[in-house]
Structure formats: structure tokens, C-alpha cells
Amino acid sequence: MFGLEEDWELDPPARYFTLEDYEGGVARWCPGCGDFGVLTAVQKICRDEQLPPEKVVAVSGIGCSSRFPHYMKTYGFHGLHGRPLPVACGIKSRRPDLQVWVATGDGDCCSIGAGHWIHAIRYNMDITVMLFDNNVYGLTKNQTSPTSPQGLKTNTHPRGAWLPPLNPLQAVLGFTNCSFVAQAVDWNPPLLHAVLEAAYHHKGTSFVRILQRCPTYTDQVFHHLQHDPAQLLLLQHEDGLVMDEKIARIFPNKSGHDPSNMKEARAIADADGGEGAIPVGVVYRDPTRPIYDEFTTVGMGMTADQKIEALGQELDRFAI
Ligand code: SF4
Ligand code: MG
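Using this note's numbering, read the sequence shown as starting at 17 and increasing by one per residue.
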């Protein structure tokens, strides 16, 4: 029966997992799409951590980046638009032994899925959420998304997006029980790998916004950032992102931001999208926040008989 621990225990022979063990179908994103880099980073982390593929699950909603589970040779769930987070939380609530990676886009997460976004952050289950933010609805061919910059010409706003864009870092830091917020760019593989690795190791919901190139529709948005590392501000701290010195050297702008400082984290998020350099690294981290799967999984090791007995005892409380 589903939900009993003895039913999911496999005993495969021990062996070393290579990258191929995590590589699913051939990715069908446009040439130059930033999604490729994120996929590779996740597969490398799975390999580095030697996660058994049957203990990994990739969950997504709808959008270009939501094809992610098809390209992982692990368990996967390609869900409904805006709904990856309830699926991911459901999985984690009954299968705490699985490593859950969520792929969601700016339309998927910040628009139709925004209600789920708030509550998933509050649940703070031990999952990693990757927001692929290309500032546009790509799969449905170029509509304004919540993060589209003002003035961006799209099919829904041919004269330019009208409203100021939603700032995902600012939003997520305002959600109750938020425990990990980071930002990365897809075009710097060592940085992306280090940020996702920090997110993976955080216990609780790790939210990572990834600025993601979409050469088909929003090439102009990130183009100026790609060739000038001075446009980025590297946040480094022993409790956040620890970068190899050889890699850190290429960033002229650095900050020793302490990610436990919420006030500073909010100031960094508020400035993001303004005139200054774009922050990359761990913006906020609090490992002491309550984690909901520690509650939902109480009693998971009980046998069927123990569960029935416990249920009987609970029902007896209502006997008159
Ligand atoms: Fe990537 Fe944009 Fe092509 Fe979608 S439309 S696959 S986001 S480049
Ligand atoms: Mg998008």
C-alpha cells in the first residue's frame, strides 16, 4: 500500500553514478537557451552527491523550462500550469527520502502559481525551487510575464509592457517562514553550480531565481550582462556562497553579505532591477525556520497494524 515505508525500500547494488545516469531525453530547447546550463548544473550536482537516480524527482509546471523532468533520467512529474509546488510538497510530505527539484518559470510561478508560491515558501519543505526567469512567456510565444521589464515589446503589449516588473527576490523575502533565497545567472556555469549546490545543501525550501537567457524572445534583456561581469555583484559569505578564489576573481564587484541579515537581504532585493549591479549568490538564509515535512512525516515508519491501532486510539477519544 502506498505510504508504507517498507514498500519503497529498494536494495540496488552499490555503484558509482555517472552523468549519464541522470541524462534523460535529448533536450529540445532553442539553440542558446539558458535552460541547458541549468539542466547540466543539476545533473552534475546529482552526480557529485552520488544521489541514486531513483531517489531524485524533478517536478515542473508548464512552460519551456517545465520540460525539465523529461530530460532527467530520474522520477519526474510534468504538471499543470502554475502547479509544480503543490505537487512537489505532496511528494515531499509522503516521500521525505526523495530529493525534489522544482523547475518553474516566471509565468508559471509568479503569475498563475503565485498563490502556491506563497504557501510553499511558508511550508518550508526540504525542496529546491529553481525559478527560470527569462522575463517572458516563451512556450506560448512571447507574451508579457510578471517579470517582463517595462517597455518590453511582446505579442500582448506590442507597444511595450506597461507595468513595472514584479521583483521575485523582494516578493519571496516577504513570505512568512522564508528560509533560503538566492540568485544566479545561467551563463556562468561555476557560479550557477555553486549557488544550486548551496541551495541543495540547505535544509528547507531553497528558492533560487535564475536569470535565464531566451535568445528567441528576450535576447536584449540579458545581453548587456553576459559580457561584463562588472554588471554583477557577487555575494560571498561563509554561511552563504563560498566560491573558488579562481572563479571569484572574475567578479570585480563583491560583497561579504551575511545571509542571516534579513534587513540587508531586503535592501539587496529592493535594489535588484535598479541602476546598480545585479546581486548573485545567497541573499538570505535561516536554517532555524520550521520545516513542514518534519511534521507531515511523523509516524511514516509505522507498520500498517501500528497505524490502525493509533487510528483506533484517536477515534476512541470521541467515544461518549
Ligand atoms: Fe528557451 Fe526562449 Fe526557446 Fe523557450 S523560447 S526554449 S525559453 S530560447
Ligand atoms: Mg518565462
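No residue lacks a Cβ here, since even glycine has one placed at the ideal position from N, Cα and C. Source: prediction; values computed, not measured.
Exercise for review: Compute the minimum distance between the beta carbon of Gly-292 and the heavy atoms of ligand 2, and state whether it is under 6 Å.
Suggested key: Because no heavy atom of ligand 2 lies under 6 Å away, the Cβ of Gly-292 does not count as near it: no.
Point to revise | Span of the alpha helix (DSSP H) around Thr-34 | key: For Thr-34, no alpha helix (DSSP H) run applies, since DSSP gives it neither H nor E.
Review point. Which residues mark the beginning and the end of the alpha helix (DSSP H) in which Ala-214 is found?
Key: Here the alpha helix (DSSP H) through Ala-214 covers 205-217.
Review point. Residue range of the beta strand (DSSP E) that Met-146 falls in?
Key: Here the beta strand (DSSP E) through Met-146 covers 144-149.
Practice item. Measure the C-alpha to C-alpha separation of Asp-51 and Lys-279 and round it to an integer number of angstroms. Key: Distance between the alpha carbons of Asp-51 and Lys-279: 32 Å.
Exercise for review: Please indicate yes or no: does the CB of Asn-140 lie closer than 6 Å to some heavy atom of ligand 1?
Suggested key: No, the Cβ of Asn-140 stays beyond 6 Å of every heavy atom of ligand 1.
Review point. Are any of the Cβ atoms in chain D nearer than 7 Å to that of Ala-293?
Key: Annotation note: the requested chain D is absent from the structure, which comprises a single protein chain.
Point to revise | For His-135, the three-state DSSP class (helix, strand or coil) | key: His-135 falls in the helix class under three-state DSSP.
Check your understanding: Taking Cβ to Cβ, would you say Val-258 is nearer than 7 Å to Phe-223?
Key -> Using a Cβ distance threshold of 7 Å, Val-258 and Phe-223 do not count as a contacting pair.
Review point. Heavy atom of ligand 2 less than 6 Å from the Cβ of Ser-127, yes or no?
Key: Distance from the C-beta of Ser-127 to the nearest heavy atom of ligand 2 is not below 6 Å.
Check your understanding: What do you get for Val-118, buried or exposed, if any count of 16 or more other CB atoms within 10 angstroms of its CB means buried?
Key -> Buried, because 16 or more other Cβ atoms sit within 10 Å of the Cβ of Val-118.
Check your understanding: Span of the beta strand (DSSP E) holding Ile-294?
Key -> For Ile-294, the uninterrupted beta strand (DSSP E) run begins and ends at 294-301, by DSSP.
**Study point:** Nearest neighbour of Arg-31, chosen from Ala-320, Pro-68, Gly-95 and Val-296 [CA to CA]
**Key:** Considering only alpha carbons, the answer is Pro-68.
Check your understanding: Taking the alpha-carbon positions, what's the Ser-195 to Thr-232 distance?
Key -> It is roughly 34 Å from the alpha-carbon of Ser-195 to the alpha-carbon of Thr-232.
Point to revise | As assigned by DSSP and simplified to three states, the class of Ala-57 | key: Correct three-state label for Ala-57: helix.
Review point. With distances taken from CA atoms, which of Pro-295, Asp-235 and His-218 is nearest Pro-47?
Key: When only C-alpha atoms are compared, the closest one is Asp-235.
Exercise for review: Compute the minimum distance between the beta carbon of Gly-50 and the heavy atoms of ligand 2, and state whether it is under 6 Å.
Suggested key: Remark: the C-beta of Gly-50 is outside contact range of ligand 2, defined as less than 6 Å to any heavy atom.
Exercise for review: Taking the CB atoms as reference points, tell me whether Gln-166 and Ala-285 lie closer together than 7 Å.
Suggested key: Cβ atoms of Gln-166 and Ala-285: not closer than 7 Å.
Review point. Does DSSP classify Gln-199 as helix, strand or coil?
Key: In the structure shown, Gln-199 sits in a strand (DSSP, three-state: E or B).
Practice item. Classify Asp-332 as helix, strand or coil using the three-state DSSP reduction. Key: Residue state for Asp-332 is assigned as helix, using DSSP reduced to three classes.
Check your understanding: Mind pulling the alpha helix (DSSP H) runs of 4 or more residues that sit fully within the region 260-298?
Key -> The qualifying runs are 261-264 and 278-287.
Review point. Cα-Cα, which of Cys-125, Ala-210, Ala-130 and Thr-313 is closest to Val-298?
Key: For the options Cys-125, Ala-210, Ala-130 and Thr-313, the alpha carbon positioned closest to that of Val-298 is the one of Ala-210.
**Study point:** Any non-hydrogen atom of ligand 1 closer than 6 Å to Pro-203 Cβ
**Key:** Residue 203 is actually Trp in this sequence, not Pro. Between ligand 1 and Trp-203, a heavy atom-to-CB distance of less than 6 Å is absent.
Practice item. Compute the minimum distance between the beta carbon of Thr-232 and the heavy atoms of ligand 1, and state whether it is under 6 Å. Key: The answer is yes for Thr-232.
Check your understanding: Helix or strand or just coil, what does DSSP make of Met-17?
Key -> In this predicted model, Met-17 has a pLDDT of only 45, less than 50, meaning its place in the structure is not dependable enough to derive any value.
**Study point:** Gly-190 CB to nearest heavy atom of ligand 3 below 6 Å
**Key:** What this structure holds is ligand 1 and ligand 2, not ligand 3.
**Study point:** Gly-154: CB within 6 Å of a non-hydrogen atom of ligand 1
**Key:** Checking every heavy atom of ligand 1 against the Cβ of Gly-154, one is found closer than 6 Å.
**Study point:** Sequence-distant residues of the same chain with beta carbon closer than 8 Å to Gln-252, five excluded per side
**Key:** Contacts found: Val-258, Met-259, Ala-264, Lys-270, Ser-271, Gly-272, His-273 and Gly-297.
Exercise for review: Return helix, strand or coil for Gly-13, following the three-state DSSP convention.
Suggested key: Any answer about residue 13 is impossible in this case: the structure gives the chain only from 17 up to 336.
Practice item. State the beta-bridge partners of Ile-226 as determined by DSSP. Key: In the DSSP secondary-structure assignment, Ile-226 is bridged to Phe-148 and Ala-200.
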